[in-house]
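*Asks:*
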Amino acid sequence: MREHWKRRHQQNQDARISHQKRLSRNLPLRSKSTNAHVPSSADAITSSALQYSEDMDAFNNRENHGGIPAQLLYGLSYALLSSRPNPFQTCPVHLTSQHQKLLHHWISTHAAMMFEDLDVIEFNPMKDVWFPLDLSNASSFNCIMAHSAAHLSHLYAGTPPRILRLWLGDPEKELSDDSFAAVVRLPTYERYWGTEQDWKIHRDGLQRMIEAKGGVEALHENWRLELVVYLVSLMSRPSWLEPTNNLDRISPPLFSTPIMQQTTSCDIQKVRCLWLMSFIQDMRTFMGSVYTRGLSSFPFTHAAVGLLRDHFQLSMESRANGTHGAEWEDEMLACLFCISVLIQESISVLSDGDLTTSTGQNTLDRLEISLQQSRHMWGRSIHNLRSILYESLTRLFEEGEFKVNYVTDLVHVLGALSLEARRGVEKCLLNLLYCLGKTSNMLSIDDGWSPDSLLSSMHGH
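Read left to right, the sequence shown gives residues 1 to 461 (the UniProt record's numbering).
Set out below in structure tokens:
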């Protein structure tokens with residue numbers, strides 16, 4: 001056995017040397033004046049990879065696994081999960097544990113091409129082309145990280161529906177807590193990574209399950225499940241900036257009377273906390289095409305957001321001095337929600353393919369005209385700006401009063417949570433509406449405060 005591995009190792013080494021000579025004949029010559037003593041990144045990667053392969057040969061000789069490919073893949077897994085995931089410095093970025101997992105998945109999907117038939121050296125697309133290129137710079141490396149993550153998502157996305165089909169076909173499992181917990185996660189996934197059409201399919205399915213169960217209250221013994229099912233049941237469209245959602249059911253003014261409080265057995269404050277997490281995640285996706293260019297095409301709307309931004313910075317200073325203006329801050333938040341709802345409404349109409357209605361492509365244009373004509377009124381007054389935005393909602397939409405009430409509900413629900421939550425949402429909306437599309441202003445407010453940074457820093461409420 002020892003002689004077998006010795007001969008095998010010698011054959012592989014001879015093959016590699018021959019392969020390197022052939023590659024060196026095909027590579028273009030570098031300028032001696034500039035690169036006489038500087039090896040190329042591809043050569044460095046190839047050399048390190050060869051050294052790594054030799055070390056792994058020695059390691060795998062001590063392991064009892066079936067076949068050379070399995071042994072090398074096992075060794076690679078061991079290296080990636082060890083305390084030194086990048087011992088030969090072949091990766092252009094510092095590897096975190098998440099990088100290790102994605103890199104391991106990426107290589108594993110090409111395991112046969114990477115590890116089988118080591119003595120065949122004619123041409124290997126992965127080892128000879130893609131592997132050196134993908135590890136040659138940080139941008140390419142992060143591209144394969146994104147590719148690997150998307151592939152993992154694709155692999156796992158099909159598993160829940162398959163399991164659910166089995167459960168829903170079983171009379172004992174179709175209305176179980178497990179089925180509800182799985183179904184309620186599907187529309188959550190579709191909100192961020194899927195389509196609105198698929199979201200509606202899962203949302204309708206959940207509604208049928210709720211009705212068959214006897215209402216959300218029938219889940220009261222599992223309070224966690226009751227909370228999330230109740231929250232999703234409030235949604236008629238996948239964004240909380242859509243005024244058709246039933247946000248009034250968790251708005252504080254409506255729950256101030258005992259009659260309204262008896263409509264559900266849920267802890268409404270906990271539902272609001274869950275809503276906050278969901279809304280923060282919404283802020284990353286609701287902008288659609290506007291997300292990439294901001295409001296640069298609408299200068300007066302952008303100027304209105306600039307007014308809000310200036311007052312926000314003043315409010316931060318007044319808080320530092322111990323003074324507060326709750327009513328004034330509510331008006332500022334209402335203005336941000338108004339503009340966001342108008343943007344979301346226009347995007348939703350366009351995504352539905354209806355370009356002929358008054359809420360189609362001209363929604364933001366009409367708001368722009370309205371703000372331009374009334375600039376002398378709102379230029380220095382948030383109170384006047386809120387009045388004009390409310391009037392725009394009423395005038396641009398058939399159910400304008402309903403949309404104004406929805407904006408009020410957004411303000412009240414957020415106001416029922418912590419000051420930390422309120423400030424975070426204000427910062428995020430200001431950055432989304434004011435800074436996007438303007439790289440020079442990206443760090444204007446709290447170093448580019450984003451929904452991701454807010455979500456990662458939120459405490460329980």
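By construction, the Cβ of each residue, glycine as well, lies at the ideal position given by its N, Cα and C atoms.
#1: Starting from Thr285, trace the alpha helix (DSSP H) in both directions and tell me its first and last residue.
#2: Hey, how far is the Cα of Cys428 from the Cα of Ser450?
#3: Given Leu455, which residues of its chain have a CB within under 6 Å of its CB, disregarding the five upstream and five downstream residues?
#4: Using only CA atoms, which one of Gln207, Ser418, Leu433, Cys143 lies nearest to Met458?
#5: For Asp248, does the three-state DSSP call read helix, strand or coil?
#6: Specify the secondary structure class of Phe397 as computed by DSSP and reduced to three states.
#7: Can you tell me which of Pro252, Ile201, Asp178 puts its alpha carbon nearest to the alpha carbon of Asn224?
#8: To the nearest whole angstrom, what separates the beta carbons of Leu164 and Ala146, a pair I think is in contact under 8 Å?
#9: Tell me which same chain residues have a C-beta within less than 7 Å of the C-beta of Thr394, skipping the five on either side of it?
#10: Hey, could you find the ends of the alpha helix (DSSP H) Ala149 is sitting in?
#11: Return the Cβ separation of Ile382 and Glu331 in integer angstroms, given the expectation that the two are a contact with Cβ distance under 8 Å.
#12: Kindly give me the distance between the Cβ atoms of Ala334 and Val411, rounded to whole angstroms, as I take these residues to be in contact under 8 Å.
#13: Whole angstroms are fine: how far does the CA of Ser97 sit from the CA of Leu50?
#14: Does Leu241 get closer than 7 Å to chain D when you measure Cβ to Cβ?
#15: Assuming Ile339 and Thr301 form a contact by the criterion Cβ under 8 Å, report the distance between their Cβ atoms to the nearest whole angstrom.
#16: Is it the case that the Cβ atoms of Tyr230 and Cys273 are separated by a distance below 7 Å?
#17: According to DSSP, is Leu371 helix, strand or coil?
#18: Measuring CA to CA, which of Arg386, Val129, Asn222, Tyr406 is closest to Leu234?
#19: Which residue marks the beginning of the alpha helix (DSSP H) containing Arg208, and which one marks its end?
#20: From Ile268 to Met277, what distance separates their C-alpha atoms?
#21: Nearest by alpha-carbon distance to Asn222: which of Glu242, Tyr434, Phe180 is it?
#22: Here's the rule: buried if 16 or more other CB atoms are within 10 angstroms of the residue's CB, otherwise exposed. What is Met377?
#23: Between Val413 and Ser251, is the Cβ-Cβ spacing less than 7 Å?
#24: With DSSP collapsed to three states, give me the class of Ser233.
#25: Buried or exposed: where does Gly379 fall if 16 or more other Cβ atoms within 10 Å of its Cβ makes it buried?
#26: Expressed to the nearest angstrom, what Euclidean distance is found between the alpha-carbon atoms of Arg84 and His104?
#27: Starting from the Cα of Cys143, find the closest Cα among Arg284, Leu102, Lys127, Pro160 and give me that residue.
#28: Nearest CA to the CA of Asn245: which residue from His220, Ala218, Met209, Arg203?
#29: Can you look up Gly415 in the DSSP assignment and give me helix, strand or coil?
#30: Which class does Lys127 belong to by DSSP, given the choice of helix, strand or coil?
#31: Could you spell out the range, first to last residue, of the alpha helix (DSSP H) harbouring Leu103?
#32: Take Pro238 and list the residues in its own chain whose beta-carbon comes closer than 6 Å to its own, dropping the five residues that flank it on each side.
#33: Buried or exposed: where does Ser392 fall if 16 or more other Cβ atoms within 10 Å of its Cβ makes it buried?
#34: Tell me whether Tyr52 sits in a helix, a strand or coil according to DSSP, three-state version.
#35: Measuring CB to CB, does Leu227 end up less than 7 Å from Lys270?
#36: Identify the continuous alpha helix (DSSP H) that holds Tyr189 and give its terminal residues.
*Replies:* Taking the geometry as given:
#1: By 1-based counting over the sequence shown, the position of residue 285 is 285. Looking at the DSSP string, the run of the alpha helix (DSSP H) that includes Thr285 is 268-285.
#2: Position 428 of the sequence shown, counted from the first residue, corresponds to residue 428. Position 450 of the sequence shown, counted from the first residue, corresponds to residue 450. The alpha-carbon separation between Cys428 and Ser450 amounts to approximately 5 Å.
#3: Residue 455 sits at position 455 when you count from the first residue of the sequence shown. Taken in chain order, the residues that qualify are Ile280.
#4: What you label residue 458 is simply residue 458 of the sequence shown in a count that begins at 1. Among Gln207, Ser418, Leu433, Cys143, the Cα nearest to that of Met458 belongs to Ser418.
#5: As a first step, residue 248 is located in the sequence shown; it is residue number 248 there, counting from the start. Reduced to three states, the DSSP call for Asp248 is helix.
#6: Counting from 1 along the sequence shown, the entry for residue 397 is found at position 397. Of the three classes helix, strand and coil, the one that applies to Phe397 here is coil, per DSSP.
#7: Locating residue 224 in the sequence shown gives position 224, where the first residue counts as 1. Reading off the sequence shown, one finds Arg at residue 224, where the question assumed Asn. Among Pro252, Ile201, Asp178, the Cα nearest to that of Arg224 belongs to Asp178.
#8: Here residue 164 corresponds to residue number 164 of the sequence shown, with the count starting at 1. Here residue 146 corresponds to residue number 146 of the sequence shown, with the count starting at 1. By a beta-carbon distance limit of 8 Å, Leu164 does not contact Ala146. Their separation comes to about 28 Å.
#9: As a working mapping, residue 394 is identified with position 394 in the sequence shown. Closer than 7 Å at the Cβ level, and outside the excluded window around Thr394, lie Gly400, Glu401, Val404.
#10: In the sequence shown, counting from the first residue as 1, residue 149 sits at position 149. Unbroken alpha helix (DSSP H) run through Ala149: 138-157.
#11: To locate residue 382, count along the sequence shown from 1; it is residue 382. To locate residue 331, count along the sequence shown from 1; it is residue 331. The pair is a contact, with the Cβ atoms about 5 Å apart (cut-off 8 Å).
#12: Start at 1 with the first residue of the sequence shown, and residue 334 comes out as number 334. Start at 1 with the first residue of the sequence shown, and residue 411 comes out as number 411. 5 Å between Cβ atoms; contact.
#13: Against the sequence shown, residue 50 aligns to sequence position 50. Against the sequence shown, residue 97 aligns to sequence position 97. Residue confidence for Leu50 is low, a pLDDT of 44 falling below 50, so the modelled location carries little weight and cannot support an answer.
#14: No chain D appears in this structure, which consists of one protein chain only.
#15: For the purposes of this step, residue 339 is taken as the residue at position 339 of the sequence shown. For the purposes of this step, residue 301 is taken as the residue at position 301 of the sequence shown. Sure, about 7 Å apart at Cβ, within 8 Å.
#16: To locate residue 230, count along the sequence shown from 1; it is residue 230. To locate residue 273, count along the sequence shown from 1; it is residue 273. Cβ distance not < 7 Å, so Tyr230 and Cys273 don't count as in contact.
#17: On the sequence shown, residue 371 is found 371 positions in, with the first residue counted as 1. Helix at Leu371.
#18: Against the sequence shown, residue 234 aligns to sequence position 234. The option with the nearest alpha carbon to Leu234 is Tyr406.
#19: Within the sequence shown, numbered from 1, the residue matching residue 208 stands at position 208. Unbroken alpha helix (DSSP H) run through Arg208: 196-213.
#20: Working through the sequence shown from its first residue, we reach residue 268 at position 268. Working through the sequence shown from its first residue, we reach residue 277 at position 277. So the two alpha carbons sit approximately 15 Å from each other.
#21: The sequence position of residue 222 within the sequence shown is 222, counting from 1. Comparing Cα-Cα distances from Asn222 to each of Glu242, Tyr434, Phe180, the minimum goes to Phe180.
#22: Here the question's residue 377 lines up with position 377 in the sequence shown. When all chains shown are included, Met377 counts as exposed.
#23: Within the sequence shown, the letter at position 413 stands for residue 413. Within the sequence shown, the letter at position 251 stands for residue 251. One thing to note: Val413 has its Cβ within 7 Å of the Cβ of Ser251.
#24: If you number the sequence shown from 1, residue 233 lands on position 233. It is helical.
#25: Within the sequence shown, residue 379 is the residue found at index 379, counting from 1. That one is exposed.
#26: Sequence index remark: in the sequence shown, residue 84 carries index 84 (1-based). Sequence index remark: in the sequence shown, residue 104 carries index 104 (1-based). In this predicted model, Arg84 has a pLDDT of only 49, less than 50, meaning its place in the structure is not dependable; the value taken from the coordinates is given anyway. Near 14 Å, if we compare the C-alpha coordinates of His104 and Arg84.
#27: Position 143 of the sequence shown, counted from the first residue, corresponds to residue 143. Of the candidates Arg284, Leu102, Lys127, Pro160, the one whose C-alpha sits nearest the C-alpha of Cys143 is Leu102.
#28: Along the sequence shown, one-based indexing puts residue 245 at 245. It is Arg203 whose Cα lies nearest to the Cα of Asn245.
#29: Residue mapping note: residue 415 aligns to position 415 of the sequence shown, counting from 1. Reduced to three states, the DSSP call for Gly415 is helix.
#30: Position 127 of the sequence shown, counting from 1, holds the residue named residue 127. Note: Lys127 maps to helix in three-state DSSP.
#31: Numbered from its first residue, the sequence shown carries residue 103 at position 103. Looking at the DSSP string, the run of the alpha helix (DSSP H) that includes Leu103 is 97-108.
#32: Stepping through the sequence shown from its first residue, residue 238 is reached at position 238. The residues are Arg191, Glu196, Trp199.
#33: Taking the first residue of the sequence shown as position 1, residue 392 is located at position 392. Flag for Ser392 reads buried.
#34: Locating residue 52 in the sequence shown gives position 52, counting from the first residue. The predicted model places Tyr52 with a pLDDT of 41, which falls under 50 and marks its position as unreliable; any figure quoted below should be read in that light. If DSSP states are grouped into helix, strand and coil, Tyr52 belongs with the helices.
#35: To locate residue 227, count along the sequence shown from 1; it is residue 227. To locate residue 270, count along the sequence shown from 1; it is residue 270. Yes, Cβ-Cβ distance for Leu227 and Lys270 is below 7 Å.
#36: As a working mapping, residue 189 is identified with position 189 in the sequence shown. Boundaries of the alpha helix (DSSP H) harbouring Tyr189: 177-193, taken from the DSSP string.
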